[in-house]
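Following: one structure in structure tokens, then a few remarks.
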Amino acid sequence: MENCDLKASMRMSPQQSGILISNLPPLAIQAKFLQKHDVILQLSGVVIGDDGTIPLREGERVSLEYLISNHPVGETVEIKFLRGGKLQTIQCPMGPLQRIVPRSYDHGALPSYYIIGGLVFSPMTSGLLFSATDDLTEEAWQACRKPKQKQDEELVILLSILSHTINDGYFIAKLPLLEKVN
Numbered sequence: 010m011e012n013c014d015l016k017a018s019m020r021m022s023p024q025q026s027g028i029l030i031s032n033l034p035p036l037a038i039q040a041k042f043l044q045k046h047d048v049i050l051q052l053s054g055v056v057i058g059d060d061g062t063i064p065l066r067e068g069e070r071v072s073l074e075y076l077i078s079n080h081p082v083g084e085t086v087e088i089k090f091l092r093g094g095k096l097q098t099i100q101c102p103m104g105p106l107q108r109i110v111p112r113s114y115d116h117g118a119l120p121s122y123y124i125i126g127g128l129v130f131s132p133m134t135s136g137l138l139f140s141a142t143d144d145l146t147e148e149a150w151q152a153c154r155k156p157k158q159k160q161d162e163e164l165v166i167l168l169s170i171l172s173h174t175i176n177d178g179y180f181i182a183k184l185p186l187l188e189k190v191n
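Position 1 of the sequence shown, counted from 1, bears residue number 10 in this note's numbering, the numbering being contiguous throughout.
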């Protein structure tokens, strides 16, 4: 909220500072309490700067992420925000962001894959993402960075093409994202 015209359009006073919610994943716990275009002014009594930072020590500021990461999942925090120019205060539980690529699977879990006509498809995992970053298409890489939009959403990539006459001529230079199956 460093732009004074944007601040004015959100009906913020010149003394107020905070961050504008431009996107809120629908599965986030906070989506039950906050809305797109709300302006968060304080979290747990700590004033948020227009640049998304908070005071740490005298003369030092750090990202708001630092404060958020210091609250465990399930803890309730007080959030002061503006909605339509009106100051509101809520108690909101902290919760993890549901990522489309899970950070981890159970240790020892068997890999999941599908073979259709010699094409090997696999759900994207954090381990696969880590090892295949340079091999993903730009579309697949960008999709991996987004939060889930639906509870049953999953990213699937074409991992390999098995050698067989039915697959002659098939080649993948980069691992593409599967969009649909007929």
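The beta-carbon is built from N, C-alpha and C at its ideal position, and this holds for glycine as well. These numbers come from a predicted model, not from an experiment.
- The segment 176-189 and the segment 146-154 touch, with no fewer than 3 CB-CB distances between them shorter than 8 Å.
- Assignment of beta strand (DSSP E) within the segment 120-181, counting only whole runs of 3 or more residues, yields 123-125, 128-132 and 165-170 in chain order.
- Of the residues assessed, I124 falls on the exposed side of the cut-off, its CB having fewer than 16 other CB atoms within 10 angstroms.
- As computed with DSSP, F90 is found in a beta bridge with I49 and Q97.
- Rounded to the nearest angstrom, the Cβ distance from G61 to I28 is 5 Å, consistent with a contact under 8 Å.
- At the C-beta level, R92 and K157 stay beyond 8 Å of one another.
- Distance between F90 and E74, taken at the CA atoms: about 17 Å.
- Taking a C-beta distance under 8 Å as the contact criterion, L171 and V110 do not qualify as a contact pair.
- By the 16-neighbour rule on beta-carbons within 10 angstroms, Q25 is buried.
- Excluding residues up to 5 positions away in sequence, M10, E11 and S26 lie with their Cβ nearer than 6 Å to the Cβ of D59 in the same chain.
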